[in-house]
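One point on numbering: in numbering that gives the first Met the number 0, the residue at position 180 of the sequence shown is 179, and numbering is uninterrupted.
We treat Cβ as the ideally placed atom computed from N, Cα and C, and that holds for glycine.
For reference, the structure is listed below as structure tokens.
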Amino acid sequence: MLQRRILVIDDEPSVAKLLRLSLELQNFSVRTEGTGAAGIQAAIEFRPELVVLDLGLPDIDGFEVLNRLREWSRVPILVLTVQDSDEDKVRALDGGADDFVTKPFSVPELLARVRVALRHGHPTGAAGAPVVNVGPLEIDFAGHLVKMEGREIRLTATEYDLLSVLVKNAGKVVTHRVLLKEIWGPNATEHTQYLRVYMGQIRKKLKAAPGAPEIIVTEPGVGYRLLTGG
């Protein structure tokens with residue numbers, strides 16, 4: 000079996016070593032670089048299927064590395080941020096990152112985020128399918144039908160549109176700004192109270208199905224994530 004390639008760009012030797020060892024134990028092929036410039040060059044040469052990018056690099060700002068990679072590549076990018084840096088998380092996600100992990104992180108959490116990012120980067124056909132299943136949730140895009148644990152859930156048009164955005168980005172954090180822009184347009188990006196109300200209603204309706212788990216989680220100060228169960 001071919002090993003999937005992961006590029007780690009982090010200037011902390013201890014973190015880079017931990018990431019390399021943890022990923023190699025999961026049978027990934029890993030390359031590490033300690034600067035933004037070297038990381039960009041490695042992305043061209045190594046052709047990774049996932050990039051783990053620290054935002055605090057010594058030469059080029061991590062956001063600049065993200066921007067440069069996004070100029071020519073759609074490779075999934077998992078950013079590493081420091082504790083409580085909500086502004087950095089939002090900026091990175093809006094700039095094209097697929098997800099984030101907060102330092103200090105646990106290895107199991109990191110590996111779970113890696114698996115989700117790789118699935119998102121290499122879809123198995125669900126992205127354009129008329130019916131998509133995410134754990135116990137099923138959404139029929141052609142028929143505008145939503146089911147939870149096999150039970151039909153009646154949503155308003157706005158609730159359905161919001162849930163659709165989360166489903167299409169299952170496993171990823173979708174920022175408040177992205178959700179507001181998608182549903183209410185570019186002039187509504189500061190009105191997060193809209194989201195709180197509608198997300199509360201969506202959660203209530205999904206939880207009404209017998210045995211239904213909580214599948215929409217809040218990332219405080221950042222946005223929402225639809226859990227994939229994996």
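In three-state terms, what does DSSP make of L20? Translated into positions along the sequence shown, residue 20 becomes position 21. Of the three classes helix, strand and coil, the one that applies to L20 here is helix, per DSSP.
Can you check DSSP and say which residues form a bridge with D139? To locate residue 139, count along the sequence shown from 1; it is residue 140. Looking at the DSSP assignment, D139 forms a beta bridge with V130, L144.
Give me, in chain order, the residues of the same chain whose beta-carbon lies closer than 7 Å to that of E23; leave out the 5 immediate sequence neighbours on both sides. Indexing the sequence shown from 1 puts residue 23 at position 24. Hits under 7 Å: V29.
Per DSSP, what are the beta-bridge partners of E218 in this structure? The count along the sequence shown starts at 1 and reaches residue 218 at position 219. The partner list for E218 (beta bridge, DSSP) reads G222.
Roughly how many angstroms separate the alpha carbons of L65 and L165, rounded to a whole number? Within the sequence shown, numbered from 1, the residue matching residue 65 stands at position 66. Within the sequence shown, numbered from 1, the residue matching residue 165 stands at position 166. Distance between the alpha carbons of L65 and L165: 23 Å.
Output yes or no for whether 9 Å exceeds the beta carbon distance between I5 and L56. As a first step, residue 5 is located in the sequence shown; it is residue number 6 there, counting from the start. As a first step, residue 56 is located in the sequence shown; it is residue number 57 there, counting from the start. Going by C-beta atoms, I5 is not nearer than 9 Å to L56.
Nearest by alpha-carbon distance to G35: which of L18, E48, V113, L54 is it? Counted from its first residue, the sequence shown places residue 35 at position 36. Ranking L18, E48, V113, L54 by Cα distance to G35 puts L54 first.
Output the residue ranges of the beta strand (DSSP E) runs that lie fully inside the segment 31-110 and measure 3 residues or longer, sorted by chain position. 49-53, 76-80, 98-101
Run the CB neighbour count on L20, radius 10 Å, all protein chains shown included, and call it buried at 16 or more, exposed below. Taking the first residue of the sequence shown as 1, we reach residue 20 at position 21. It counts as exposed.
DSSP three-state call for R150: helix, strand or coil? In the sequence shown, the residue the question calls residue 150 occupies position 151. If DSSP states are grouped into helix, strand and coil, R150 belongs with the strands.
Drop a sphere of 10 angstroms on the beta-carbon of T155, count the other beta-carbons inside from all chains shown, and report buried for 16 or more, exposed for fewer. Locating residue 155 in the sequence shown gives position 156, counting from the first residue. Burial call: exposed.
For G95 and D160, what's the separation of their Cα atoms in angstroms? Within the sequence shown, the letter at position 96 stands for residue 95. Within the sequence shown, the letter at position 161 stands for residue 160. If I take the Cα positions, the gap works out to 21 Å.
Ignoring anything shorter than 4 residues or poking outside the segment 153-200, list the alpha helix (DSSP H) runs there in chain order. 156-167, 175-183
With DSSP as the reference, label L1 as helix, strand or coil. By one-based count along the sequence shown, residue 1 stands at place 2. The answer is coil: DSSP assigns L1 none of H, G, I, E or B.
E44, buried or exposed, once every other Cβ within 10 Å from all chains shown has been counted against 16: Residue mapping note: residue 44 aligns to position 45 of the sequence shown, counting from 1. Exposed, because fewer than 16 other Cβ atoms sit within 10 Å of the Cβ of E44.
Have a look at K146, N168, R3 and flag the residue whose alpha-carbon is nearest the alpha-carbon of L205. Position 206 of the sequence shown holds residue 205. It is K146.
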